[in-house]
Amino acid sequence: MRKAIYNSGIPENFKSVTCAFCRAARLSFAFLLVLLIASTALFAADWSASEQQLAKKIVAVTGLGAASLTVENRSSLGRRDSDIVQNGLRSALEQMGLHLLKSEQATTSVTVTLSENETSYVWVAQIQQAAADPAVVMVSVPRTGGSGVAYESMPIMLRKIPLWAQEGRILDIAVLEESGTPSRIAVLGGEDISTYRFQNGRWQTEQTLAINHPKPWPLDSRGRLVQGPDRTLTAFLPGVVCRITATSAPSSITCQAGDDPWPIVPFGMTSAGSDPAATAAIPMLVGFFAPTRNYFTGVLSPAIGKFSTVPKFYTAAFIPREKYTLWMFASADGAVRFTDGINEQTSSLTWGSDVATVRTTCGAGWQVLATNAGDPMQDSVRAYEFPDRDPVTVSAAVDFPGPVTALWTESHGDTAIAIARNRDTGSYEAFRLSLSCGQ
Amino acid sequence: MKRFVFHCLAVSSLTLATLAHAETRPEYGGTLRLTMHAVPSTLDPADSRVPDSFARRSLTSLIFDTLVVVDDAGRTKPGLAESWQAAKGNQRWQFRLRHGVRFHDGTPLTGEIVAASLRFANPGWSVRGDADSVTIDSEASQPELPVEVALPRNAIAKRDGQEKLSGTGPFRILDWQPGKKLTLAAEEDCWRGRPFLDGIEVEMGRSFHDQATALEVGRADLIEVAPEQSHHFSPAKGRLASSQPVELIVLVFARDSSSPDDKLLRSALGLSVERGSIQSVLLQGAGQAAGGLLPTWISGYGFVFSSQADLQKARQLRDQVQTARLWTLGYDGSDPLARVLVERIALNAKDARLSLVPTAVGLTDLRLLRIPLACADPWIALENVAAQTDLPRAQNKWSSAEELFSAEKAALATDRVIPLFHLPVFYAATSSLKNWTLRNNGSLELSNAWLGAAK
């Protein structure tokens, strides 16, 4: 029932949830569905051993005779599982020779309460025989968890594809391609970068490279994993930049302290795009990140028009226009600020602090993904377009099991990575966010 | 050239007066003002002269760290220890220390300092340390030792002299006026990362009423709320949060029952207490009536112990005894809730023809105690209650739920204690304080809290 040993960093501690992989355009939905069903099946519980164990304890008290059985669920078990346990317990008791009667017909009554504590389900049977004090027997069953999804109807569908989950913090994930086919992922954690290859239906660890950093990371530490045009990987962390020498294992990592600016526009967006005229207007913007905080200092390179600095910000997104680019910054003071290089204005948008741009073949072709500023217990992301002036919501909100801790556009620019910290389990879960049209 | 007309942003959707703010990404800066009712005279987590309290646990976690932490799901996680391993049938535990950790005074964390800290907190433990690990030996198997070292009293402190304490936690002590005021500053090089808050100011010895007023007029950001007053807290004043029921209210007899008659009278008293009506009226619905020592969320079976009053049976038991002597019932005179509870219990007892005289002074026959449960681990929580009430200790520790139930049942069968209620702790904060939570031991978790704009 209890874990006696904890060794951080051992791969078994990674709780790999599921693996749905590949860019939406290439990946068949059926394959995704199979993987999601497979992952859901992991949560299906088998209660039979515990039912047998409790039945045996009950019969040891009642003997082989007749009794009534009442089952009450006061645990977090759903009705379905509760019914399964109740039926299984009835069968087990009858197989062991206990004849179950209605309560008015039996002199022995068995009341089973499905209860729980922090770590286990506790099933308690109170057995009343004649006027004697009730006997109490019980079993405990380790607890597990589950998940759910919901959608509402909107012109564009924002889809959340699970990529990876682990107990330790995830700062970013890069999906790596080989000959144009995604087959590996690189996970940027707080202390290392790990690569995994999808083989024989599961993720297998290839290599884990430790990140050396002279100072402790700031709280709410952030990081970004960037693939260059040559497929090399660079990890940007607060006050540290790490370069990985080769994308396929074995590779090595070189980290050095420094204030190298972080890229704000993925390289994939500055080259080919759906609208060459628009993409040509997007410069390769970089921003300086505060090494002991969780925000960009506001110093930009090159300048956006007349603005070489903006108020310190958490994330930035943009929408290309015909002759300029509209930039938006989720500022550290909570406001969202817009600039076109000439003017700057603070908006009243109720967005959260994470925004990212994606370029798709849907709608206006460019969408901004933004977290909400609402319920801190359950975060969500929506897609927006800027057809004229105000943002228009173009997708339903996709909910996350806890606060979104990172939202970065992927290298190709057509999808984004969202990391959320699960409120219930405390683990970090990484998702690819992709948009599909014509719903 | 005017590329973009910003009037566009100042139109339909504008509700300019209520500028919305992002919530998900924490902001750095600001000083949190916290008030509390307790008046701790020391910050030393292991000073056994000061009773355990939720306030003390909260302060400890701001300044100090433990080797291991237990999360809200009851799982052990690395704290100052990166890993740990058992040997010799759980009689020896070795904890490997995290590298690069320093105390607030700049001293590096070593096994020797950790060992000295643990020995101070647990004089009976055999602890030895070297440069980067610490080993604890015991004569009996201790499968739950990692959970035990996660208790606040086992937080690692470097003690230089009588008053000089240094920790490794997210905040360092700037100013300490025992029982009055504590000023903490963010530890810039904290191994867990610099906290978002720049500092915390703690005012102690404030009545619950004063605290509520301070929150209302903006002189405090985070306050305690008395359980019986939680019902009246208005959401307009801020956010109210409560823990699981982590406090046991219990009547404890000073001595074991001296005769069969005494045993009958104690049972009669237990049956006379109208826990249900006290919970609805005096506690205003807060907490749960308790028939057992551990609440169900910790044990899983707490509901098995009846908390129902049975006045008829109480009178029957009372009438089997010729003469019932008068009992004195002690309570903490500075605790208004304790006073109203003992007064009501005395009235209930009177209905069962028992004589109870409440008093806040002197030695008494029985006493109303409020015991903060040690943690969510049922064995450690039960052991802790047993230690504070002089109940017999469990023999077959760390085994099944059924063994735990037997141990608790045996403790109750001594008639030394009459469990009354399990109460949660309540805190309230302004809406500008974000990401503050309550741990399942009732203490505040503020290491990731931050101050943003009020909503």
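Just so you know, the sequences run in chain order B and U.
Every position in the first sequence, counted from 1, becomes a number in the numbering used here once 238 is added.
Every position in the second sequence, counted from 1, becomes a number in the numbering used here once 12 is added.
Glycine included, every Cβ here is placed at the ideal spot set by N, Cα and C.
Uninterrupted alpha helix (DSSP H) stretches at least 4 residues long and entirely within the region 624–661 of chain B do not occur. Pairing U:G86 with U:L450, the inter-Cα distance amounts to about 14 Å.
If you ignore the 5 residues before and after B:V299, its C-beta comes within less than 7 Å of the C-beta of I365, A373, V375, all in its own chain and listed in chain order. Counting the other Cβ atoms within 10 Å of the Cβ of B:S288 gives 16 or more, which makes it buried.
Within the same chain, and ignoring the five residues on either side of U:L294 in sequence, the residues whose Cβ sits closer than 7 Å to its Cβ are E240, V352, L353, R356. Each residue's CA atom was taken as its position, placing B:V606 and U:G464 some 25 Å apart. For U:W203, the closest of B:H451, B:L302, B:E354, B:S539 by C-alpha to C-alpha distance is B:H451.
Membership of U:F417 in any beta strand (DSSP E) is not indicated; the residue belongs instead to the alpha helix (DSSP H) covering 413–425. Taking a C-beta distance under 7 Å as the contact criterion, U:L277 and U:Q332 do not qualify as a contact pair. A distance below 6 Å between beta-carbons, with the five flanking residues on each side excluded, links U:T147 to the following residues of its chain, in chain order: Q106, R140.
Leaving aside the five residues that flank B:K295 on each side, the residues in its chain whose CB is nearer than 6 Å to its CB run, in chain order, V375.
A straight line joining the alpha-carbon of U:V397 with that of U:G374 spans about 23 Å. The closest CA to that of B:A495, considering only B:S489, B:L338, B:V479, is found on B:V479.
Contact check between the region 331–347 of chain B and the region 360–372 of chain U: fewer than three CB pairs, one atom from each, fall below 8 Å, which does not count as touching. Residue pairing from DSSP leaves U:N460 without any beta-bridge partner. The shortest CA-to-CA distance from B:I399 to any of B:I655, B:A602, B:G466 is the one to B:I655. A Cβ of chain U is located within less than 7 Å of the beta carbon of B:N355.
Distance from the CA of U:E457 to the CA of U:S70, rounded to the nearest whole angstrom, comes to 7 Å. By DSSP's assignment, U:R114 forms a beta bridge with U:P120. Under the Cβ criterion (8 Å, minimum of three pairs), the region 560–568 of chain B does not count as touching the region 47–64 of chain U. Shortest Cα-Cα distance from B:G590 to any of B:A573, B:F527, B:S432 involves B:A573. In this structure, B:S569 lies away from B:P540, with their beta-carbon atoms at least 7 Å apart. For the region 440–462 of chain B, the set of positions with a beta-carbon nearer than 8 Å to some beta-carbon of chain U reads K453, P454, W455, P456, L457, D458, S459 in chain order. Rounded to whole angstroms, the gap between the alpha carbons of U:G179 and U:L260 is 30 Å. One alpha carbon belongs to B:Q333, the other to B:A344, and they sit about 18 Å apart. A distance below 7 Å between beta-carbons, with the five flanking residues on each side excluded, links B:A555 to the following residues of its chain, in chain order: M566, V593, A594, T595, V606. Against chain B, the beta carbon of U:Y313 has neighbours under 7 Å at S353, V360, V362, M376, listed in chain order.
In the displayed model, B:H451 falls within coil according to three-state DSSP, outside both helix and strand.
Assignment of beta-bridge partners to B:Q583 by DSSP yields B:F576.
Considering only beta carbons, the part of the region 430–461 of chain U lying closer than 9 Å to chain B consists of K446, N447, N452, S459, N460, in chain order. The region 154–171 of chain U makes no contact with the region 189–201 of chain U; the number of CB pairs closer than 8 Å stays below 3.
Under the three-state reduction of DSSP output, U:N134 falls in the coil class, being neither helix nor strand. Chain U places no beta carbon closer than 7 Å to that of B:Y434, leaving this residue out of the contacts. For U:V159, the CB contacts under 8 Å within the same chain, skipping 5 residues up- and downstream, are V80, V82, T88, C387, D389, I392 in chain order. Taking the C-beta atoms as reference points, B:D410 is found no nearer than 7 Å to B:G477.
For the set U:F245, U:G345, U:L416, the Cα lying nearest the Cα of U:Q296 is the one of U:F245.
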